[in-house]
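Everything below concerns the one structure shown next.
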Amino acid sequence: MIVRAYTSILLACFLWSLNPVANKVALEDIAVPQLVFMRAVFAAIILLSLALYAGHRFSPKQIGWRPFVLGILDPGLTSLLFVTSLTVLSASNTVLIMALMPFSQSILGHMVFKEDFQSSVWIGGIIAIFGLAIFCIGEDFNGAESVWGNALLLSVFCLMAVSQLMTRKIMTTEIPTILVTSSQMVSASVVLLVNLLIFGDLNLPIQASSGTMMTIIFLIFSMAIPFFLYNQSMRHIPVGMASLLLILIIPFGFLFAAIFLGENITL
17 MIVRAYTSIL LACFLWSLNP VANKVALEDI AVPQLVFMRA VFAAIILLSL ALYAGHRFSP
77 KQIGWRPFVL GILDPGLTSL LFVTSLTVLS ASNTVLIMAL MPFSQSILGH MVFKEDFQSS
137 VWIGGIIAIF GLAIFCIGED FNGAESVWGN ALLLSVFCLM AVSQLMTRKI MTTEIPTILV
197 TSSQMVSASV VLLVNLLIFG DLNLPIQASS GTMMTIIFLI FSMAIPFFLY NQSMRHIPVG
257 MASLLLILII PFGFLFAAIF LGENITL
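For the sequence shown, the working numbering gives the first residue as 17, with consecutive numbering after it.
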């Protein structure tokens with residue numbers, strides 16, 4: 017069971033590391049409000065269909081309020097802020113926020129769940145922070161857009177820190193993973209629909225190429241599948257260790273940004 021949990025979170029990391037690149041491509045043809053809403057609502061439809069096919073009954077009363085609140089935070093607000101940051105930052109820049117996770121989550125995991133501090137998590141976190149520092153030395157953060165983009169990413173980090181604790185808390189219960197993930201996508205869809213109605217241009221036509229449409233299809237499944245795998249793994253993996261594994265998104269994200277977008281990766 018523990019091997020399956022680690023395999024699930026590693027696969028989720030791999031799929032998530034492709035998201036910055038895919039979102040960057042999709043943003044060339046589709047505005048942020050439309051893109052994030054489309055991802056969430058179709059992911060919700062897919063997961064709800066699978067849940068019903070598996071014989072589960074989608075009852076908010078039985079599921080409880082926590083998975084729905086979790087969905088508002090992540091992927092609701094996190095996806096909105098993250099994709100917005102991609103309009104002013106490179107894809108490789110956006111994955112660096114993950115370097116802060118091992119430290120914050122080890123401390124929060126100990127405070128909330130009484131998890132033991134693990135030396136491997138701290139060592140991995142130090143290496144990640146060291147790499148982040150090297151990257152930041154060569155970056156120019158003076159521009160207003162750069163400051164705005166990094167402020168959005170800091171907000172994403174705070175939301176992720178809270179949502180990971182909530183995920184761990186929820187997954188220690190007996191609620192089926194498919195129902196937890198479906199509930200997340202439903203509440204995320206509601207939040208992103210409100211954002212679309214208030215800030216989106218509903219008259220803006222979607223004129224996407226076939227390549228962009230394929231990218232959107234990938235983004236839909238890369239929202240549904242990784243969250244399901246991640247939620248399932250959080251039944252068995254402590255918060256600190258999970259946060260350490262999530263920083264694997266950084267090297268994969270850099271690699272994919274260089275391959276697919278031609279971004280320069282400096283050491």
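The C-beta atom is built at its ideal place from N, Cα and C for all residues, glycine as well.
Contact between the stretch 58-78 and the stretch 113-124 is absent: fewer than three C-beta pairs spanning the two stretches fall below 8 Å. It is roughly 31 Å from the alpha-carbon of MET201 to the alpha-carbon of LEU148. Just measuring C-alpha positions, the residue of ILE265, GLY278, GLU279, ALA258 sitting nearest TYR22 is ALA258.
Between ALA67 and the set SER249, ALA56, ILE194, the nearest pair of CA atoms involves ILE194. Looking from the CA of ALA160, the closest CA among THR103, GLU190, THR197 belongs to THR103. Proximity to PRO118 across SER108, VAL111, ILE142, GLU131 peaks at ILE142, based on C-alpha coordinates. Between the C-alpha atoms of ARG82 and MET176 there is a straight-line separation of about 15 Å. With contacts defined by Cβ atoms closer than 8 Å, SER108 and GLU279 form a contacting pair. Under the three-pair Cβ rule at 8 Å, the stretch 57-72 counts as touching the stretch 231-242. Exposure of GLY227 is indicated by the presence of fewer than 16 other C-beta atoms within 10 angstroms of its C-beta. With a threshold of 16 other beta carbon atoms within 10 Å, SER135 falls short and is exposed.
At the C-beta level, THR110 and SER120 stay beyond 8 Å of one another.
The residue among PHE133, GLN180, GLY269, PHE268 with its C-alpha nearest the C-alpha of ARG251 is GLN180. Across the set VAL19, LEU97, TYR246, the C-alpha of LEU97 shows the shortest separation from the C-alpha of TRP164.
By the criterion of a C-beta distance shorter than 6 Å, MET114 is surrounded in its chain by LEU262, ILE263, ILE265, ILE266, once the five residues flanking it on both sides are discounted. Taking a C-beta distance under 8 Å as the contact criterion, LEU208 and LYS40 do not qualify as a contact pair.
THR188 is not a Cβ neighbour of ASN247, given a cutoff of 8 Å. Using a 10 angstroms sphere on the CB of GLU131, the tally of other CB atoms reaches 16 or more, which defines it as buried. Annotation for THR94: the continuous alpha helix (DSSP H) segment containing it runs 94-101. SER95 and VAL52 do touch by the CB rule: their CB atoms are close to 5 Å apart, below 8 Å. Shown here for LEU43: same chain residues with a beta carbon closer than 8 Å to its own, the five before and five after excluded, namely LEU51, VAL99, LEU102, THR103 in chain order. Non-local C-beta neighbours of PRO254 in its own chain, meaning closer than 7 Å and more than five positions away in sequence, comprise GLY125, GLU131, ordered along the chain. For LYS185, the enclosing alpha helix (DSSP H) has its first and last residue at 160-187.
By the neighbour-count criterion, in which a residue is buried when 16 or more other Cβ atoms sit within 10 angstroms of its Cβ, ILE186 is buried.
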